[in-house]
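S.K.: With full-length UniProt numbering, the residue at position 300 of the sequence shown is 300, and numbering never jumps. Ideal Cβ positions, reconstructed from N, Cα and C, are used throughout, including at glycine.
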Amino acid sequence: MSEQNKSHVDSGVDLLADRFVDPGLPEHKERMSDKDPKAAKRAELQVSILFLISIIGTIASIVVFFAIRPEGTTESVRNANLALGLSIGFALLGIGTAAVHWAKALMSDHEVVDERHPLESTPEDREAAVAELTQGVKDANIERRTVLKGTMITALALFPLTIAVPLVSSVGGDWDVSKFRHTIWKRGTRLTTDPNGRPLKASDVTLGSVVHIIPEATEEERSSHHWITEKAKAVVLLVRLDPKDLKETEERKSWSYDGIVAYSKICTHVGCPVALYEQQTHHLLCPCHQSTFDVADGAKVVFGPAKRALPQLPITVDDEGYLIAQDDFNEPIGPSYWERLK
Ligand code: FES
């Protein structure tokens with residue numbers, strides 16, 4: 001910077017300093033808990049109650065995990081997830097709000113000015129930090145506050161159970177991945193719209209559109225407790241492209257119908273629903289980790305962590321013009337656990 005420019009900057013800084021006076025720190029106000037031992041005791045009790053809420057939440061989550069098992073219907077899965085989510089939520093909320101309330105009402109309330117300094121602290125600063133930490137622990141009076149100490153330790157010790165219990169109980173569970181090899185799609189099953197199950201004609205699918213598809217099912221099949229799992233495995237994205245944009249191998253030429261192609265909606269990375277379609281590039285994007293699949297080219301991976309193309313559902317139309325499956329997907333859907341078992 002030239003001398004002339006530097007002096008302009010300096011005078012600008014001086015001008016700002018004249019206009020904006022540093023207001024300094026607001027006057028320190030003592031909290032009730034600093035002035036009144038009864039208020040401090042009350043705050044201590046409130047913090048303990050919050051930790052207690054966390055303890056109850058953790059225990060409730062374990063009870064819920066074993067007591068409310070989803071039976072395969074959407075409603076039972078929703079109820080089980082709701083109960084589990086609420087109890088774990090209370091367990092976390094209890095610890096979080098207790099920590100905040102403790103810090104605000106009971107921890108040391110001295111104002112500290114934190115000057116900007118180089119990122120690496122000097123040995124003196126580190127010593128000072130340790131001393132402040134030690135003082136903070138002393139100020140917290142944890143040794144004298146035995147109820148608070150007890151509830152805090154119990155809440156923190158119990159909370160990991162909300163994760164550990166489901167993990168441990170899944171050891172020896174149903175890890176049979178062969179169920180991903182097949183879905184309920186079979187020759188002649190009509191493609192229907194998700195969620196209302198309306199059969200779809202090829203003429204209903206406009207160029208560039210993308211339709212979420214599930215297999216046609218009877219009322220009886222829909223009310224069976226396997227339906228939700230089977231439907232989740234069989235979900236499909238149907239896209240209509242200009243047939244001349246499709247790069248199909250000889251084998252796959254008969255798997256599409258007049259530019260309409262059908263691919264599994266389950267990402268081959270870790271199974272999120274692939275749902276974002278870019279009409280211009282023919283790319284399908286998975287929102288979880290941005291794997292991108294080229295619908296015009298066999299849904300091959302063009303970007304992201306997925307390692308294989310989306311499985312394709314071979315389709316055609318029946319005598320009435322409705323879209324039907326020719327068979328199941330060309331390979332197992334979802335993440336490639338099955339490849340590791342080979
Ligand atoms: S689950 Fe789709 S990219 Fe990870």
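Is H269 near ligand 1, going by C-beta to nearest heavy atom under 6 Å?
M.R.: Numbered from 1 along the sequence shown, position 269 holds the residue referred to as residue 269. At least one heavy atom of ligand 1 is nearer than 6 Å to the Cβ of H269, so yes.
S.K.: At a cut-off of 6 Å, would you count G304 as near ligand 1, judging by its Cβ distance to the nearest heavy atom?
M.R.: Residue numbering aside, residue 304 sits at position 304 when the sequence shown is read from its first letter. Within the cutoff, so yes.
S.K.: What does the Cβ neighbour count give for D328, buried or exposed, with the cut at 16 atoms within 10 Å?
M.R.: One-based indexing of the sequence shown puts residue 328 at position 328. It is buried - the Cβ of D328 has at least 16 other Cβ atoms within 10 Å.
S.K.: Taking the continuous alpha helix (DSSP H) assigned at S108, which residues delimit it?
M.R.: Translated into positions along the sequence shown, residue 108 becomes position 108. Run containing S108: none; DSSP gives neither H nor E here.
S.K.: Per DSSP, S264 is paired with what?
M.R.: In the sequence shown, counting from the first residue as 1, residue 264 sits at position 264. Paired residues: V236.
S.K.: Would the beta-carbon of K186 fall within 7 Å of that of V235?
M.R.: Here the question's residue 186 lines up with position 186 in the sequence shown. Here the question's residue 235 lines up with position 235 in the sequence shown. No, these two residues do not count as a Cβ contact at 7 Å.
S.K.: Check whether the Cβ of S223 lies closer than 6 Å to any heavy atom of ligand 1, and answer yes or no.
M.R.: Along the sequence shown, read from residue 1 onward, the residue named residue 223 stands at position 223. No, the beta carbon of S223 sits no closer than 6 Å to any heavy atom of ligand 1.
S.K.: Exposed or buried, residue 344, counting other C-beta atoms within 10 Å across all chains shown (16 or more means buried)?
M.R.: The structure shown does not extend to residue 344, since the chain is modelled only from 1 to 342, so the question has no answer here.
S.K.: From the DSSP secondary-structure annotation, give me the bridge partner or partners of F303.
M.R.: Mapped onto the sequence shown, residue 303 falls at position 303. DSSP, once it has assigned bridges, lists T292 as partnering F303.
S.K.: Using the C-alpha atoms, what's the distance from P335 back to K342?
M.R.: On the sequence shown, residue 342 is found 342 positions in, with the first residue counted as 1. On the sequence shown, residue 335 is found 335 positions in, with the first residue counted as 1. At K342 the pLDDT is 48, less than 50, meaning the model places this residue with poor confidence and gives no usable figure here.
S.K.: Closest to Y211 by CA distance: which of G321, I95, K201 is it?
M.R.: For the purposes of this step, residue 211 is taken as residue 211 along the sequence shown, with counting starting at 1. Inspection of the sequence shows that residue 211 is occupied by Val rather than by Tyr. Looking at the Cα atoms, K201 is the closest of the given residues.
S.K.: Specify the secondary structure class of residue 348 as computed by DSSP and reduced to three states.
M.R.: The structure shown has nothing for residue 348, since the chain only spans 1 to 342.
S.K.: In whole angstroms, what is the alpha-carbon distance linking E124 and A131?
M.R.: Reading the sequence shown from its first residue, position 124 is the one you call residue 124. Reading the sequence shown from its first residue, position 131 is the one you call residue 131. Taking the straight line from one Cα to the other gives about 10 Å.
S.K.: I'd like the list of long-range same chain contacts for E111, defined as Cβ closer than 8 Å, with 5 residues on each side in sequence excluded.
M.R.: Here residue 111 refers to the residue found at position 111 of the sequence shown. These residues qualify, in order along the chain: L25, H28.
S.K.: If I follow the unbroken beta strand (DSSP E) through E278, where does it start and stop?
M.R.: Here residue 278 is taken as the residue at index 278 of the sequence shown, counted from 1. Looking at the DSSP string, the run of the beta strand (DSSP E) that includes E278 is 276-278.
S.K.: Can I153 be considered in contact with ligand 3, in the sense that its beta carbon sits closer than 6 Å to one or more heavy atoms?
M.R.: Among the ligands present in this structure, namely ligand 1, ligand 3 is not found.
S.K.: Rounded to the nearest angstrom, what separates V168 and V63 at their Cα positions?
M.R.: Position 168 of the sequence shown, counted from the first residue, corresponds to residue 168. Position 63 of the sequence shown, counted from the first residue, corresponds to residue 63. Going by the C-alpha atoms only, they are around 15 Å apart.
S.K.: Nearest to Q280 by alpha carbon, out of P215, D294, C267?
M.R.: By 1-based counting over the sequence shown, the position of residue 280 is 280. Of P215, D294, C267, the residue nearest in Cα terms is D294.
S.K.: What do you get for E320, buried or exposed, if any count of 16 or more other CB atoms within 10 angstroms of its CB means buried?
M.R.: As a first step, residue 320 must be located in the sequence shown, where it is residue number 320. Counting Cβ neighbours within 10 Å, E320 comes out exposed, since fewer than 16 surround it.
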